[in-house]
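Input: a single structure, listed below in structure tokens.
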Amino acid sequence: MPHGSSLVACIQITDLVTASLVRDEAAPADSAVATTAADSGVTRVVEASAAARLGGVMPGMTVAEARDVCPGLAMRAVDVEACGAAYRVVLAALRALTPAVEPVDLHHVWVSIDGFAERPDDARAFGRELVERVRRATSAGVRVGIGPGKLTSHVITRYSVSRGVMVLPARHAVRFIGGLPVRDLPLSPDRVEDLLRLGIAQVRDFAALPARGIRARFGEAGWRAYLWAHGWDDSAVRPWEAVPWLRVQRSFPLPTTHRGTLARHIEQLAQRLAPALATHYRFAATLALDIDFDHGAPTRRARPVFSPLARPRLLAEAGADLLADIGPVAPVVRLSLAAQGVFPTESRELALFRRGISCGEGTPAMPTASPAPSSRPPHSSTAPDRLRGVVLAR
């Protein structure tokens, strides 16, 4: 089977920021609270506490819809700094257990369990340890999916609601994946609707399509989904501290000590840095400012940030704070602003997936034309009748 031998745990934290707010405000644990943010001009629910979810509040609801089902609901606007602080608490709790921790998004984290679990029972015990650590640190709702690869473990968390921890052995992975609805494929909603219009309702139906033409019809994301449907997954957990820094700099032919000038240049550097980093990540995680003087040793300051890269102003403000902390007194000859990203974009996820399954990072080599026959699930060797005659390649 073309799965990697390494099991990966995906931790889902359902109400990270909301639970932190409830705790920080010393509100009763059963308070119905939701965090909100503007989405295309409409304020919608981002997270809901356990009590709010029991009252029928769901992420994506408008404020009016949420208050209609839960009249006593308290609303709080999402605070970027609060999000960052809460998420760093999670990473610190996990980092104390293992360095192999990779952030996915605000509600998911991947953790390698290599060296911790040789058997399913060991993996289940490790999953319970992860749940307890995150719950103690955040008071949030937590569940863990463990499977042979990152995409697989991520999907498992959607089905581990009643169990808290769900472990999928590698030998059962292809059959499990094949029985999933196509909405669980790592594809955009538009692509999923295309599949449904073709009569493809389950992942096994998608896996039954001929490999030729998948890329042409569904793009690189479709090819990744197709390989995953046949059991190919990336199990290489990449520690977030090892993410490379992206750096921009500005040199001054005439050294300056003018704070206003330096602050304006830092703002310009942030405006250059943010879009460059945004091609790979959705948030900045750490920011560093290096200053070279015309005499004396260079100085460096760094700080954690949790800044959406769509808003470079936040990076500029963090850079200005670092400048104030350094307080340069000698003339400056060079400013350098660097950042580490977090939460990979789709294009970076695709690149990491390709690298993970083709460079020996936990899985055998990826097939170049079609998945190996041995990887095909026995229940999907032929396409459904309604797909006969569908041309996927010109």
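With the numbering used here as the guide, the letters of the sequence shown map in order to residues 667 to 1060. In this text, a Cβ means the ideal position worked out from N, Cα and C, and glycines have one as well. It should be emphasised that the depicted structure is a prediction, and the values quoted were computed from it without experimental measurement.
Give the straight-line distance between the Cα atoms of Ala944 and Leu687, rounded to the nearest whole angstrom.
On the sequence shown, residue 944 is found 278 positions in, with the first residue counted as 1. On the sequence shown, residue 687 is found 21 positions in, with the first residue counted as 1. Within the model, the alpha-carbon separation for Ala944 versus Leu687 is close to 28 Å.
Using the rule of at least 16 other Cβ atoms within 10 Å of the residue's Cβ for burial, across every protein chain shown, is Ser706 buried or exposed?
Here residue 706 is taken as the residue at index 40 of the sequence shown, counted from 1. Exposed, by the Cβ-count rule.
Terminal residues of the continuous alpha helix (DSSP H) containing Trp894?
Counting from 1 along the sequence shown, the entry for residue 894 is found at position 228. Residues Ile880 to Ala895.
Compare the C-beta of Ser826 against all C-beta atoms of chain C and say whether one is closer than 8 Å.
In the structure shown, chain C does not exist; there is a single protein chain.
Hey, how far is the Cα of Thr923 from the Cα of Ile957?
Counted from its first residue, the sequence shown places residue 923 at position 257. Counted from its first residue, the sequence shown places residue 957 at position 291. Taking the CA atoms as reference points, Thr923 sits about 11 Å from Ile957.
Collapsed DSSP secondary structure at Ile843 in the structure displayed:
Here residue 843 is taken as the residue at index 177 of the sequence shown, counted from 1. Three-state result, Ile843: helix.
His946 (DSSP reduced to helix, strand or coil):
The residue labelled residue 946 in the question sits at position 280 within the sequence shown. If DSSP states are grouped into helix, strand and coil, His946 belongs with coil.
Spell out the partners DSSP gives Gly1007 in its beta bridges.
By 1-based counting over the sequence shown, the position of residue 1007 is 341. Answer is Ala950.
For the beta strand (DSSP E) containing Asp681, list its first residue and its last residue.
Start at 1 with the first residue of the sequence shown, and residue 681 comes out as number 15. First-last for Asp681: undefined, no H or E at that position.
With distances taken Cα to Cα, identify the nearest neighbour of Val998 among Arg969, Leu955, Ala1017 and Phe972.
Taking the sequence shown and counting its residues from 1, the one referred to as residue 998 is at position 332. Closest option to Val998, judged by alpha-carbon separation, among Arg969, Leu955, Ala1017 and Phe972: Leu955.
Pull up the CB-CB distance for Gly815 and Asp900, whole angstroms please, since I reckon it's below 8 Å.
Working through the sequence shown from its first residue, we reach residue 815 at position 149. Working through the sequence shown from its first residue, we reach residue 900 at position 234. In this structure, Gly815 and Asp900 form a Cβ contact; the two beta carbons are roughly 6 Å apart against a cut-off of 8 Å.
By Cβ distance, which residues of its chain are closer than 8 Å to Arg742, with the 5 residues on each side in sequence left out?
The residue labelled residue 742 in the question sits at position 76 within the sequence shown. So the list reads Thr684, Leu687, Val699, Ala700, Thr701 and Thr702, once near-sequence residues are dropped.
Can you name the residues that DSSP bridges to Arg966?
Sequence index remark: in the sequence shown, residue 966 carries index 300 (1-based). Asp956.
Ordered along the chain, which non-local residues of its own chain (more than five positions away) have a Cβ less than 8 Å from that of Asp674?
Locating residue 674 in the sequence shown gives position 8, where the first residue counts as 1. The amino acid at residue 674 is misidentified as Asp; the sequence shows Val. Closer than 8 Å at the Cβ level, and outside the excluded window around Val674, lie Trp776, Val777, Ser778, Ile779, Ile812, Gly813, Pro814, Gly815, Lys816, Thr818, Ser819, Ser901 and Val903.
Where Thr965 and Arg841 are concerned, what is the direct C-alpha to C-alpha distance, given to the nearest angstrom?
The residue labelled residue 965 in the question sits at position 299 within the sequence shown. The residue labelled residue 841 in the question sits at position 175 within the sequence shown. Going from the Cα of Thr965 to the Cα of Arg841 covers about 56 Å.
Hey, Arg1000 and Phe918 are a contact pair by Cβ (cut 8 Å); roughly how many whole angstroms apart?
Locating residue 1000 in the sequence shown gives position 334, counting from the first residue. Locating residue 918 in the sequence shown gives position 252, counting from the first residue. Rounded, the Cβ-Cβ distance is 7 Å, consistent with contact.
The alpha helix (DSSP H) enclosing Ser819, as first and last residue numbers:
Locating residue 819 in the sequence shown gives position 153, counting from the first residue. Per DSSP, Ser819 is one residue of the alpha helix (DSSP H) stretching across Lys816 to Ile822.
Identified DSSP bridge partners for Asp771:
Sequence index remark: in the sequence shown, residue 771 carries index 105 (1-based). Beta-bridge pairing links Asp771 to His774.
Who are Asp900's beta bridge partners in DSSP?
Against the sequence shown, residue 900 aligns to sequence position 234. Answer is none; Asp900 lacks a bridge partner.
How long is the line joining the alpha carbons of Val767 and Gly793, rounded to whole angstroms?
In the sequence shown, the residue the question calls residue 767 occupies position 101. In the sequence shown, the residue the question calls residue 793 occupies position 127. When rounded, the distance between both Cα atoms is 14 Å.
Do the segment 803-812 and the segment 820-837 meet, that is, are 3 or more Cβ pairs less than 8 Å apart?
The segment 803-812 is in contact with the segment 820-837.
Residue environment, Glu713, which counts as buried when at least 16 other CB atoms sit within 10 Å:
On the sequence shown, position 47 is the one that residue 713 refers to. When all chains shown are included, Glu713 counts as buried.
CA-to-CA distance, Phe872 to Ala1038, given in whole angstroms
As a first step, residue 1038 is located in the sequence shown; it is residue number 372 there, counting from the start. As a first step, residue 872 is located in the sequence shown; it is residue number 206 there, counting from the start. Note that Ala1038 has pLDDT 39, beneath the 50 cutoff, so the model's placement of it is unreliable and the number below is only indicative. Approximately 16 Å between the Cα atoms of the pair.
Skipping 5 residues on each side, what residues in its chain have a beta carbon closer than 7 Å to that of Ala732?
Position 66 of the sequence shown, counting from 1, holds the residue named residue 732. These residues qualify, in order along the chain: Ala700, Val711, Val723 and Leu739.
Tell me whether Thr952 is buried or exposed, calling it buried when 16 or more other Cβ atoms sit within 10 Å of its Cβ.
Mapped onto the sequence shown, residue 952 falls at position 286. Buried, since its Cβ has 16 or more Cβ neighbours within 10 Å.
Considering Cα atoms alone, identify which of Pro905, Val797 and Arg761 is closest to Phe1008.
Sequence index remark: in the sequence shown, residue 1008 carries index 342 (1-based). Checking the displayed sequence, the identity of residue 1008 turns out to be Val instead of Phe. When only C-alpha atoms are compared, the closest one is Pro905.
Once DSSP output is grouped into helix, strand and coil, what is the label at Leu875?
Translated into positions along the sequence shown, residue 875 becomes position 209. Looking at Leu875 - three-state DSSP - the assignment turns out to be coil, as it is neither helix nor strand.
If you draw a straight line from the C-alpha of Glu886 to the C-alpha of Gly844, how long is it?
Taking the first residue of the sequence shown as position 1, residue 886 is located at position 220. Taking the first residue of the sequence shown as position 1, residue 844 is located at position 178. Computed Cα separation, rounded: 20 Å.
Can you tell me where the alpha helix (DSSP H) holding Gly793 begins and where it ends?
Taking the sequence shown and counting its residues from 1, the one referred to as residue 793 is at position 127. Here the alpha helix (DSSP H) through Gly793 covers Pro786 to Thr804.
Might you give, ordered along the chain, the residues of its own chain that have their beta carbon closer than 6 Å to the beta carbon of Pro978, omitting 5 neighbours on each side?
For the purposes of this step, residue 978 is identified with residue 312 of the sequence shown, where counting begins at 1. So the list reads Ala936, Gln937 and Ala940, once near-sequence residues are dropped.
Go through its chain and collect everything with a Cβ distance to Leu763's Cβ below 6 Å, but skip five positions before and after it.
For the purposes of this step, residue 763 is taken as the residue at position 97 of the sequence shown. Taking Leu763 as the centre and dropping the five residues before and after it, the same chain places no C-beta closer than 6 Å to its C-beta.
Proximal residues to Cys1025 (C-beta, below 7 Å), its chain only, five neighbours per side dropped
Position 359 of the sequence shown, counted from the first residue, corresponds to residue 1025. Because the pLDDT of Cys1025 is 46, which lies under 50, any placement of that residue in the model is unreliable, and the question is left without a value.
Could you give the residue range of the beta strand (DSSP E) that holds Ala920?
As a position in the sequence shown, residue 920 is number 254, starting the count at 1. According to the sequence as given, residue 920 is Leu; it is not Ala. Annotation for Leu920: the continuous beta strand (DSSP E) segment containing it runs Leu912 to Thr922.
Among the candidates Ala996, Asp696 and Gly750, whose CA atom is the shortest distance from the CA of Ala716?
In the sequence shown, residue 716 corresponds to position 50, counting from 1. Shortest Cα-Cα distance from Ala716 to any of Ala996, Asp696 and Gly750 involves Asp696.
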